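If you're matching positions, the sequence shown starts at 8 in the numbering used here and goes up one per residue. From the three backbone atoms N, C-alpha and C, an ideal C-beta is built for every residue, glycine too. Fair warning: this is a prediction, and the values are worked out from it, not measured in the lab. Data first, discussion second: the structure below is written as structure tokens.
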Amino acid sequence: MSQTLHLCATSRLAQTLRVAPAAGKVWRTPQALTVGQWLGTLAEEALLVGGADLPVALDPFAESLLWEKIVAASLSAGAPLFDIQGMAAAAAEAHALTRIWNLRPAIGALSDEARLFTGWQAEFEGRCQKAGWIDAAGLQRRLIELIAGGHFALPGRVEVHGFDRRTPLENDLLAALASRGVDVVAEPAPVAPGRARRLACADLGEECAAAVAWAHRHLAADPDCRLAIVAPDLAGVRDRLEFLLDDVLHPAAIRPDAAESPRCFNFSLGRPLAELPLVRSALELLQLGGGRAKVEQARLSALLLAGGWSAATAEADGR
């Protein structure tokens, strides 16, 4: 395969690279994917062609369920006192990081939390090996080993875009590609000339307001300019920034009939569907109906007070 593969740090960058050039009328759409997306296509190819022996990949739901079972079993009688789902999610994330960063448990004295996690991890890996399963990060590791071993038809050239720091897994992938004769080119991130300025703010709210005011000034001077507000924790400030941007850039959007009007800004981080009130209520009902665990009063009260019920007003007192 001679086509160039573009490996991108984010899905947004990959989508941008697939857009046609401004002056182009006929063009070949670049193959631009994230590392996870491209390795996913190789996994599908292996399943269809059958040229590589791969364990059954656990989907996110199955992996979460397995972690929850392992965590709950280790806590035995005290399980109802703990947030099993939260602990399982944290353990799954830590396990994925050990795969990606090629980490091993430290030798010597471990904290109680670290010792508990290593036990969960050993149980998780043991169950997966016995059943012929593999987690998502482990599948990526296995695919890299297969690439180095001569499997799969590879592109003649791979260009890497947007990585300010690569993980050991990504470095291992590039090394495996290079060992197969692929021309690997790491494109440096473009650096535009500019001036950095530091502004001290009293709190997070003032910082967000300052960022929005900065965007407003630049858009007032040049309505066609393209700006970006970069937040280390976008999930934590998304709603605050959206409210401020609406208030400053689209003040008319406060009217109910303008709630869905187009905006001049967008967020690279989407909002989970489960956060929508109606969907959240439906998921809560499904979880309550399908489980036997005890339900906290606060959780049940929030569900009964939520909107979306049929005859919500007439039946409110009854609920």
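On the three-state DSSP scale, how would you describe T367?
Not covered by the structure: residue 367. The range shown for the chain is 8 to 326.
Exposure label - L72; buried when at least 16 CB within 10 Å
Here residue 72 is taken as the residue at index 65 of the sequence shown, counted from 1. Looking at its Cβ environment, which holds fewer than 16 other Cβ atoms inside 10 Å, L72 is exposed.
DSSP has W140 in a bridge; who is on the other side?
Along the sequence shown, read from residue 1 onward, the residue named residue 140 stands at position 133. According to DSSP, W140 bridges with V63.
Does the distance from the CB of L49 to the CB of D142 come in under 8 Å?
Here residue 49 refers to the residue found at position 42 when the sequence shown is read from its first residue. Here residue 142 refers to the residue found at position 135 when the sequence shown is read from its first residue. Going by C-beta atoms, L49 is not nearer than 8 Å to D142.
I'd like to know whether the C-beta atoms of R25 and T11 end up nearer to each other than 8 Å.
By one-based count along the sequence shown, residue 25 stands at place 18. By one-based count along the sequence shown, residue 11 stands at place 4. Contact flag unset, no.
Beta-bridge pairing of V165 - partner residues as DSSP gives them:
Numbered from its first residue, the sequence shown carries residue 165 at position 158. Note: V165 sits in a beta bridge opposite L12 and V191.
So what does DSSP say about A347, is it helix, strand or coil?
The question about residue 347 has no answer here: the residues shown for the chain are numbered 8 through 326.
Just verifying my parser: in three-state terms, what is the DSSP assignment at E213?
Position 206 of the sequence shown, counting from 1, holds the residue named residue 213. Note: E213 maps to helix in three-state DSSP.
Give me, in chain order, the residues of the same chain whose beta-carbon lies closer than 7 Å to that of G145; leave out the 5 immediate sequence neighbours on both sides.
Residue mapping note: residue 145 aligns to position 138 of the sequence shown, counting from 1. These residues qualify, in order along the chain: R106.
Please check the pair L248 and V219, which I expect to be a contact at CB under 8 Å, by giving their CB distance rounded to whole angstroms.
To locate residue 248, count along the sequence shown from 1; it is residue 241. To locate residue 219, count along the sequence shown from 1; it is residue 212. V219 and L248 do touch by the CB rule: their CB atoms are close to 7 Å apart, below 8 Å.
Apply the 10 Å Cβ neighbour rule to L184 and answer buried if 16 or more other Cβ atoms are within range, or exposed otherwise.
As a working note, residue 184 is residue 177 in the sequence shown. Buried, because 16 or more other Cβ atoms sit within 10 Å of the Cβ of L184.
How many angstroms separate the CA atom of E51 from the CA atom of L150?
In the sequence shown, counting from the first residue as 1, residue 51 sits at position 44. In the sequence shown, counting from the first residue as 1, residue 150 sits at position 143. Their Cα atoms are separated by approximately 11 Å.
Host alpha helix (DSSP H) of G325 (start-end):
For this step, residue 325 is matched to residue 318 along the sequence shown. Annotation for G325: no alpha helix (DSSP H) segment contains it, and DSSP assigns it neither H nor E.
Once the 5 residues before and after G169 are set aside, which same chain residues still bring their CB inside 7 Å of it?
Taking the sequence shown and counting its residues from 1, one reaches residue 169 at position 162. Taken in chain order, the residues that qualify are C15, A16, T17, L20 and A196.
Three-state class that DSSP yields for K76 in the structure shown
Within the sequence shown, the letter at position 69 stands for residue 76. Helix, per DSSP.
Compute the Euclidean distance between the alpha carbons of T174 and E214, then round it to the nearest angstrom.
Translated into positions along the sequence shown, residue 174 becomes position 167. Translated into positions along the sequence shown, residue 214 becomes position 207. About 31 Å.
What runs of the alpha helix (DSSP H), each 4 residues or longer, lie entirely inside the region 209-271?
For the region 209-271, whole alpha helix (DSSP H) runs of length 4 or above, ordered along the chain, are 211-228 and 241-256.
Do you know offhand how far F124's Cα is from L55's?
By one-based count along the sequence shown, residue 124 stands at place 117. By one-based count along the sequence shown, residue 55 stands at place 48. Each residue's alpha carbon lies about 36 Å from the other.
Measuring alpha carbon to alpha carbon, tell me which residue in F68, G315, A95 and P67 is nearest A80.
Here the question's residue 80 lines up with position 73 in the sequence shown. Among F68, G315, A95 and P67, the Cα nearest to that of A80 is on A95.
H102 classed as buried or exposed, judged by whether at least 16 other C-beta atoms fall within 10 angstroms
Here the question's residue 102 lines up with position 95 in the sequence shown. A residue is called buried when at least 16 other Cβ atoms come within 10 angstroms of its Cβ; H102 meets this threshold and is buried.
Inspect the CB distances between the region 130-139 and the region 107-115 and report whether three or more fall short of 8 Å.
Fewer than three beta-carbon pairs drawn from the region 130-139 and the region 107-115 are found closer than 8 Å, and the two stretches are therefore not classed as touching.
Give the single residue among A222, V237 and A238 whose Cα lies nearest to the Cα of Q231.
Translated into the one-based positions of the sequence shown, residue 231 becomes position 224. According to the sequence shown, residue 231 is Asp rather than Gln. When only C-alpha atoms are compared, the closest one is A222.
Nearest-angstrom Cβ-Cβ length linking V189 and G163, presumed shorter than 8 Å:
As a working note, residue 189 is residue 182 in the sequence shown. As a working note, residue 163 is residue 156 in the sequence shown. Indeed, because the Cβ distance is near 7 Å, the residues count as touching under 8 Å.
Can you tell me the Cα-Cα spacing of H158 and T41, whole angstroms?
Reading the sequence shown from its first residue, position 151 is the one you call residue 158. Reading the sequence shown from its first residue, position 34 is the one you call residue 41. Straight-line Cα distance between these residues: approximately 20 Å.
Can the beta-carbon of E70 be found less than 8 Å from the beta-carbon of A99?
Working through the sequence shown from its first residue, we reach residue 70 at position 63. Working through the sequence shown from its first residue, we reach residue 99 at position 92. Contact flag set, yes.
Excluding the 5 residues flanking I91 on each side, which residues of the same chain have their C-beta closer than 7 Å to its C-beta?
As a first step, residue 91 must be located in the sequence shown, where it is residue number 84. Listed in chain order, the non-local C-beta contacts of I91 below 7 Å within the same chain comprise E75, V78 and A79, local neighbours out to five positions each way being set aside.
Kindly indicate which three-state DSSP category L110 falls into: helix, strand or coil?
On the sequence shown, position 103 is the one that residue 110 refers to. DSSP places L110 in coil when its eight states are reduced to three.
Can you tell me the Cα-Cα spacing of A357 and L226, whole angstroms?
The first residue shown for the chain is 8 and the last is 326, placing residue 357 beyond what the model contains.
Between which two residues does the alpha helix (DSSP H) holding V286 run?
Translated into the one-based positions of the sequence shown, residue 286 becomes position 279. Looking at the DSSP string, the run of the alpha helix (DSSP H) that includes V286 is P284 to G297.
Comparing alpha-carbon positions, which option in V167, A53 and T320 lies nearest E353?
Given that the chain is displayed from residue 8 to residue 326, the structure contains no residue 353 and the question cannot be resolved.
Inter-residue CB distance, A259 and A265 (contact presumed, cutoff 8 Å)
Along the sequence shown, one-based indexing puts residue 259 at 252. Along the sequence shown, one-based indexing puts residue 265 at 258. The Cβ separation is near 5 Å, so the contact holds.
Look at V63 and W127 and say whether their C-beta atoms are less than 8 Å apart.
For the purposes of this step, residue 63 is taken as the residue at position 56 of the sequence shown. For the purposes of this step, residue 127 is taken as the residue at position 120 of the sequence shown. No, they are not a contact pair.
Roughly how many angstroms lie between the CA atoms of L252 and L180, to the nearest whole one?
Locating residue 252 in the sequence shown gives position 245, counting from the first residue. Locating residue 180 in the sequence shown gives position 173, counting from the first residue. Between L252 and L180, the C-alpha separation is close to 40 Å.
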